[in-house]
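Peer 1:
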Amino acid sequence: MSEIITYEALYEILRKEKSSSELQTLDENFFQNVVNYIKEKSEILESQKKKTSIFASVEIIKTQKQLDNIKKILKELYERRENKIIQIALFSSRTSQKKENLGLLEEENEFYQKLENMFSNYRKDILIKILSKKLPKIEEPKDIKTENKERNKTKLVRFIHSLPKFVGEDLNIYGPFEEEDISNLPLKVAKVLIKKRRAQEIRTKK
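Here numbering that gives the first Met the number 0 is used: position 112 in the sequence shown is 111, and no number is missing along the way.
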């Protein structure tokens, strides 16, 4: 049965994470439950904003503050777990000893595996080679090469609606754009705009 997420529950989870050097075990659906909780709180906030009563503004401020605090708690919780995972991966790469029952969520386990492989590869390619009187040679991991290639891809689009400034997934600012403007945008950004019917792809002849 999934754990019920509340503000108090999140605060307690963070408190336990702060008080222990080990990763605490979370519900396997923790991320999904948290996303649902934030959505629920956001919907309550939007509902309150539509009300015109005298007490509505007080409730809006209260809900907004709670939502802000929830995000702060989640950010600190993530960063504390992130630091612990980095240390575990570093230890494993140095000692070749695998710790069991780490308390990792599925998404965190993928992060851990990639970190451990990266630390092990760099150790092998730098330290071990130097000790063997060989010049270090760093091979960029395949998944990083693929990610870099994907990041460098762009798509030419024509805007079919005006659009104010916005922040892309890469945290860069784009726009503003007017209707009929043409722009060469990162692939991910362009795909989102096309999906939302804000822009159309301009196909060029090869």
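For glycine and all other residues, C-beta sits at the position ideal for the given N, C-alpha and C.
Hey, how far is the Cα of arginine 80 from the Cα of aspartate 26?
Peer 2: Taking the straight line from one Cα to the other gives about 14 Å.
Peer 1: According to DSSP, glutamate 173 sits in a beta bridge with which residue or residues?
Peer 2: A small fix is needed here, since residue 173 is tyrosine in this sequence, not glutamate. Answer by DSSP bridge pairing, in chain order: Phe165.
Peer 1: Residues in its own chain within less than 7 Å of lysine 154 by CB, not counting five upstream and five downstream?
Peer 2: Result list for lysine 154: Leu184, Leu186, Ala189, Glu200, in chain order.
Peer 1: By the three-class DSSP mapping on this structure, what secondary structure does asparagine 68 have?
Peer 2: It is helical.
Peer 1: What does the alpha-carbon distance come out to for the pair arginine 178 and lysine 195?
Peer 2: Before going on, a small fix: residue 178 reads as glutamate here, not arginine. Near 15 Å, if we compare the C-alpha coordinates of lysine 195 and glutamate 178.
Peer 1: Considering only C-alpha positions, which residue in the set Phe158, Val156, Gly102 is nearest to glutamate 21?
Peer 2: The option with the nearest alpha carbon to glutamate 21 is Gly102.
Peer 1: Would you mind reading off the limits of the beta strand (DSSP E) that contains glutamine 199?
Peer 2: It spans 198–200 - the beta strand (DSSP E) in which glutamine 199 sits, taken as one unbroken run.
Peer 1: Run through DSSP, which three-state label would threonine 94 get?
Peer 2: Helix.
Peer 1: Taking the alpha-carbon of glutamate 105 as reference, which of Glu16, Asn28, Lys133, Ile127 has the nearest alpha-carbon?
Peer 2: Checking every option, the nearest Cα to that of glutamate 105 belongs to Asn28.
Peer 1: Grab me the residues of leucine 114's own chain with a C-beta within less than 6 Å of its C-beta, minus the 5 sequence neighbours each way, in chain order.
Peer 2: The residues are Ala88.
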